[in-house]
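2 protein chains.
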Amino acid sequence: MNAFDVLSDPVRRRTLELISQKEHASGEIVKVVGSEFGISQSAVSQHLRILRDTGFAKVRKDGAKRCYEIDPSGFDDVDAWLDQLRRYWASRMEALATEIERGKRSAKIT
Amino acid sequence: MNAFDVLSDPVRRRTLELISQKEHASGEIVKVVGSEFGISQSAVSQHLRILRDTGFAKVRKDGAKRCYEIDPSGFDDVDAWLDQLRRYWASRMEALATEIERGKRSAKIT
DNA sequence: CATTAATATTAGTTAAAACTAATATTAATT
DNA sequence: AATTAATATTAGTTTTAACTAATATTAATG
């Protein structure tokens with residue numbers, strides 16, 4: 025599953041919000057997110073797996089508990105794609121500005 | 025449809041890449057993206073509608089042609105969410121740095 | 001004004017992802 | 001060692017989004 029697919033799910037986004045603030049055990053995430061969205065422990069656990077597998081979350085064992093915290097590396101692809109796109113349209117904006125500038129000059133001449 | 029759902033589709037991402045570089049008529053997008061992904065004119069057109077409806081693309085009529093260009097406003101929600109998340113974990117990083125710093129000092133004292 | 005060109009829309013089908021229910025695993029506790 | 005607690009996994013079902021085929025709309029052209 026690709027990074028954008030990961031972020032397209034509201035349960036996963038909410039989970040990322042939680043674990044970006046501080047580490048949370050799986051059970052805590054199930055309580056908060058599970059009740060907010062009305063979904064089962066199994067469902068939340070499956071989302072956690074996806075977050076792990078795609079580099080959005082790191083896990084630490086604490087006895088039987090699994091503590092999740094955010095892993096910024098998952099966002100790399102998203103950031104790169106967004107930046108690339110912005111470079112494209114930024115250069116178009118510049119080209120447009122140049123064009124307008126040229127227009128102004130020839131207007132003055134005429 | 026929310027902004028993340030919009031970006032989760034590869035056809036729409038490719039389309040955004042195209043129209044971020046320069047304006048493209050619907051037919052051009054159908055040719056390029058349609059053939060790259062092996063999908064019909066209808067399919068591409070449906071994606072274009074989504075990009076319009078969600079503020080990712082602006083349209084200009086040129087006779088029977090419809091010229092699409094990127095609309096940066098669609099990205100606002102995505103940017104805001106990503107920034108918020110980064111603020112969260114950045115402040116955690118700072119807290120951690122402070123903690124480490126304190127550790128260093130008390131180590132020196134002891 | 002009939003025809004062609006360019007694009008959009010609609011209805012129905014297919015495919016993919018999310019969910020539940022049940023079960024398995026892993027670690028702590030008695 | 002058996003039991004309980006915490007979490008993960010699997011199989012099967014439901015839901016949602018993407019697609020095709022067909023048709024409608026809009027504008028240009030002979």
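So the sequences go chain by chain: A and B. The numbering of the first sequence is the numbering used here, which starts it at 25 and goes up by one. The numbering of the second sequence is the numbering used here, which starts it at 25 and goes up by one. Positions of the beta carbon are idealized from the N, C-alpha and C atoms, including for glycine. These figures come from a predicted structure and were not determined experimentally.
#1: Could you tell me which residues DSSP pairs with B:Arg84 in its beta bridges?
#2: Quick one: grab the DSSP three-state call for A:Thr134.
#3: So A:Asp29 contacts chain B; which residues on that side make the cut at Cβ distance below 8 Å?
#4: Run the CB neighbour count on B:Thr39, radius 10 Å, all protein chains shown included, and call it buried at 16 or more, exposed below.
#5: In the structure shown, what three-state DSSP assignment does A:Glu123 receive?
#6: Are there 16 or more other CB atoms within 10 angstroms of the CB of A:Gly58, so buried, or fewer, so exposed?
#7: Assuming B:Ala27 contacts B:Val102 under a Cβ cut-off of 8 Å, what Cβ separation, rounded to an integer in Å, is found between them?
#8: Along chain B, in chain order, which residues have C-beta atoms closer than 7 Å to that of A:Leu109?
#9: Indicate whether B:Trp105 and A:Arg37 have their beta-carbon atoms separated by less than 9 Å.
#10: Any beta-carbon of chain A closer than 9 Å to the one on B:Arg116?
#11: Contact check, A:Pro34 vs B:Trp113 under 8 Å by CB: the rounded distance?
#12: Once the 5 residues before and after A:Gly79 are set aside, which same chain residues still bring their CB inside 6 Å of it?
#13: As a quick exercise: from A:Ser64, A:Ile43, A:Lys46, A:Gln45, pick the residue whose alpha carbon is nearest that of A:Val54.
#14: Classify B:Leu120: buried if its beta carbon has 16 or more other beta carbons within 10 angstroms, exposed otherwise.
Let's see:
#1: Taking the first residue of the second sequence as 1, we reach residue 84 of chain B at position 60. In the DSSP output, where bridge partners are listed per residue, B:Arg84 has B:Cys91.
#2: For the purposes of this step, residue 134 of chain A is identified with residue 110 of the first sequence, where counting begins at 1. Because A:Thr134 sits at a pLDDT of 49, beneath the cut-off of 50, its placement in the model cannot be relied upon, and the following sentence gives the value as read from the coordinates. Three-state result, A:Thr134: coil.
#3: Position 5 of the first sequence, counted from the first residue, corresponds to residue 29 of chain A. Under the 8 Å cutoff, chain B gives Ser32.
#4: Translated into the one-based positions of the second sequence, residue 39 of chain B becomes position 15. That one is buried.
#5: Taking the first residue of the first sequence as position 1, residue 123 of chain A is located at position 99. Here A:Glu123 sits in helix by DSSP.
#6: Translated into the one-based positions of the first sequence, residue 58 of chain A becomes position 34. With 16 or more other Cβ atoms within 10 Å, it is buried.
#7: As a working mapping, residue 27 of chain B is identified with position 3 in the second sequence. As a working mapping, residue 102 of chain B is identified with position 78 in the second sequence. With 8 Å as the limit, B:Ala27 and B:Val102 qualify as a contact, their Cβ atoms being about 5 Å apart.
#8: In the first sequence, counting from the first residue as 1, residue 109 of chain A sits at position 85. The contacting residues are Leu40, Glu41, Ser44.
#9: Taking the first residue of the second sequence as position 1, residue 105 of chain B is located at position 81. Taking the first residue of the first sequence as position 1, residue 37 of chain A is located at position 13. Yes. Within cutoff.
#10: Residue numbering aside, residue 116 of chain B sits at position 92 when the second sequence is read from its first letter. At least one chain A Cβ lies under 9 Å of B:Arg116.
#11: Position 10 of the first sequence holds residue 34 of chain A. Position 89 of the second sequence holds residue 113 of chain B. Contact doesn't hold; Cβ gap of about 20 Å is too wide.
#12: To locate residue 79 of chain A, count along the first sequence from 1; it is residue 55. Hits under 6 Å: Asp95, Ser97, Gly98.
#13: Sequence index remark: in the first sequence, residue 54 of chain A carries index 30 (1-based). Taking only the C-alpha atoms, the option nearest A:Val54 is A:Ser64.
#14: In the second sequence, residue 120 of chain B corresponds to position 96, counting from 1. Burial call: exposed.
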